[in-house]
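Residue numbers (the UniProt record's numbering): 1 to 470.
Glycine included, C-beta positions come from ideal geometry on N, C-alpha and C.
For reference, the structure is listed below as structure tokens.
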């Protein structure tokens, strides 16, 4: 099984949409896991020389009461979704895209007549049931990103262990060699380059090349998430799902924009679809610029500069009062304001960016003697976020949240209490000085204000491989 953690964005909301700014994201111990089992239907049914150019897929997610069967057409590289299926763009797009990559890496014979059984297990902290209707509602811990990354990572891991990767673009080389006379000198050079480039070393054993596996899953999952959302986000949630806690900085927007345009145009013909998957491998796995920019968010810059782990003296908890916010509208409002008022918005952006950096450094090098300074920094960060919300007409920190968070931040044992991520009415986070006495006092305040603790704690681990018990 492959699993990925939930996340909470402490600082950097909205700013991390731009590559000039960074944000502190913490990973949690609540995880989403994906287990995959493959069966060869041709062998089971004693069908020899089957001409079926497809594979079957079953997805089971008990917590969401989601059980769906699909078929993947290997010729068109498309997922066939039943007309009566419950729509789930994150499952559907991730399946279609990742299986297309598997077909490109290992050939369609690796998938032909396969029955791929997928089970998605989700820790309870990602969702809560509301009232008598028992409607499942997200708590804002990044369930979509964790699921997308775990599903993409599990499919890639499963087939990398079942099959030996084929030489990159082998079919293209054979086709081009037939038309050698028509090739220009540049094209000939490209053929030689492709001939010497093999994908044999791309997927290595998890224990041997964990960093390489992480980098590949990050890049491919990032684009899968973009396809499911229909837009390009910052990617901090995918980055945390893969690498755990760190100071995130966006790096890949230009390449993702090109690939998203290519994907939309590739829907027209089978030939353009196959070209799309070849380009995915070229751009996301072999692009030297991307390799420099996203060598792992923990190593692409100075390791000491981006790494973060919660100081031993501190504890992180999260709570929710049953309310939630759709943040897409808030993001649109903030970006609209930034466009219509570039001068004052840039000033606020830069002030907030500087405070975020200072807060990160103080937390990274935490000292009890500097507690009052950290509390003061976080107070300034909250005020600027509140101002951003008022200027853009987005409820980043709603008034009711402000009153309660002010009360919490006045408690001497609390280091920082705020709205997570883009804000609104999603879950709040609290970082406080660790002690049994402090935990009881804070829990009582939350209970008195009808906030329930989420069953989640801080844990600095990203994507994990869990050996299955036999």
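Would you call residue i buried or exposed, if buried means 16 or more other Cβ atoms sit within 10 Å of its Cβ?
i, result
"residue 39", "exposed"
"residue 139", "buried"
"residue 478", "Given a span of 1 to 470 for the chain in the structure shown, any question on residue 478 remains unanswerable."
"residue 449", "exposed"
"residue 12", "buried"
"residue 136", "exposed"
"residue 332", "exposed"
"residue 114", "buried"
"residue 436", "exposed"
"residue 235", "buried"
"residue 211", "exposed"
"residue 34", "buried"
"residue 334", "buried"
"residue 317", "buried"
"residue 221", "buried"
"residue 161", "exposed"
"residue 99", "buried"
"residue 442", "buried"
"residue 376", "exposed"
"residue 37", "exposed"
"residue 428", "buried"
"residue 320", "buried"
"residue 266", "buried"
"residue 43", "exposed"
"residue 336", "exposed"
"residue 9", "buried"
"residue 339", "exposed"
"residue 451", "buried"
Between which residues of its own chain and residue i is the CB-CB distance below 6 Å, once the five residues before and five after are set aside?
i, result
"residue 29", "457, 459"
"residue 60", "67, 119"
"residue 408", "414, 417"
"residue 218", "242"
"residue 41", "113, 115"
"residue 464", "3"
"residue 56", "71, 115"
By Cβ distance below 7 Å, which residues in the same chain neighbour residue i in space, the five residues on each side in sequence not counted?
i, result
"residue 232", "226, 253, 256, 257, 260"
"residue 237", "7, 142, 145"
"residue 94", "148, 151, 152, 224, 228"
"residue 381", "11, 352, 355, 356, 359"
"residue 323", "425"
"residue 63", "122, 127"
"residue 159", "102, 106, 110"
"residue 81", "70, 92"
"residue 263", "227, 276"
"residue 272", "265, 266"
"residue 125", "6, 30, 139, 141, 454, 455, 456"
Looking only at its chain, what residues have a beta carbon closer than 8 Å to the beta carbon of residue i, apart from the 5 residues adjacent to it on each side?
i, result
"residue 462", "4, 5, 27, 214, 240, 241, 242, 243, 244"
"residue 373", "362"
"residue 314", "366, 415, 431, 432, 433, 434"
"residue 471", "Since the first residue of the chain shown is 1 and the last is 470, residue 471 is not available in this structure."
"residue 250", "16, 17, 18, 19, 234, 235, 236"
"residue 466", "1, 2, 3, 33"
"residue 88", "66, 68"
"residue 206", "At residue 206 the pLDDT is 43, less than 50, meaning the model places this residue with poor confidence and gives no usable figure here."
"residue 154", "1, 2, 34, 35, 36, 118"
On the DSSP bridge list, what partners appear for residue i?
i, result
"residue 429", "318, 418"
"residue 213", "Paired residues: none, contrary to the question."
"residue 78", "73"
"residue 275", "Its beta-bridge partners do not exist; DSSP assigns none."
"residue 248", "23"
"residue 97", "Note: residue 97 sits in no beta bridge, so no partner."
"residue 4", "32"
"residue 452", "320"
"residue 307", "246"
"residue 263", "Paired residue(s): none; residue 263 is not in a bridge."
"residue 464", "3"
4-residue-minimum alpha helix (DSSP H) runs that sit fully inside the segment 6-72, ordered along the chain: Scanning the segment 6-72 from its first residue to its last, the whole alpha helix (DSSP H) runs of 4-plus residues come out as 41-44.
Sufficient close CB pairs (3 or more, under 8 Å) joining the segment 387-397 to the segment 274-285: No: the two stretches stay apart, fewer than three of their Cβ pairs being nearer than 8 Å.
Cβ contact check for the segment 96-109 and the segment 19-28: 3 or more pairs under 8 Å: The segment 19-28 and the segment 96-109 do not touch, with fewer than three beta-carbon pairs separated by less than 8 Å.
Those runs of the beta strand (DSSP E) which lie wholly inside the segment 100-145 and span at least 3 residues: The segment 100-145 contains these whole beta strand (DSSP E) runs: 114-122, 127-130, 135-138.
Cβ pair count under 8 Å reaching 3, the segment 337-350 against the segment 371-391: With a cut-off of 8 Å, the segment 371-391 and the segment 337-350 count as touching, because enough Cβ pairs lie within range.
The segment 419-426 contacting the segment 318-329, beta-carbon criterion three pairs below 8 Å: Yes: the two stretches touch, three or more of their Cβ pairs being nearer than 8 Å.
In chain order, each alpha helix (DSSP H) run of at least 4 residues that lies wholly inside the segment 331-366: With a minimum length of 4 residues, the continuous alpha helix (DSSP H) runs that stay inside the segment 331-366 are 342-364.
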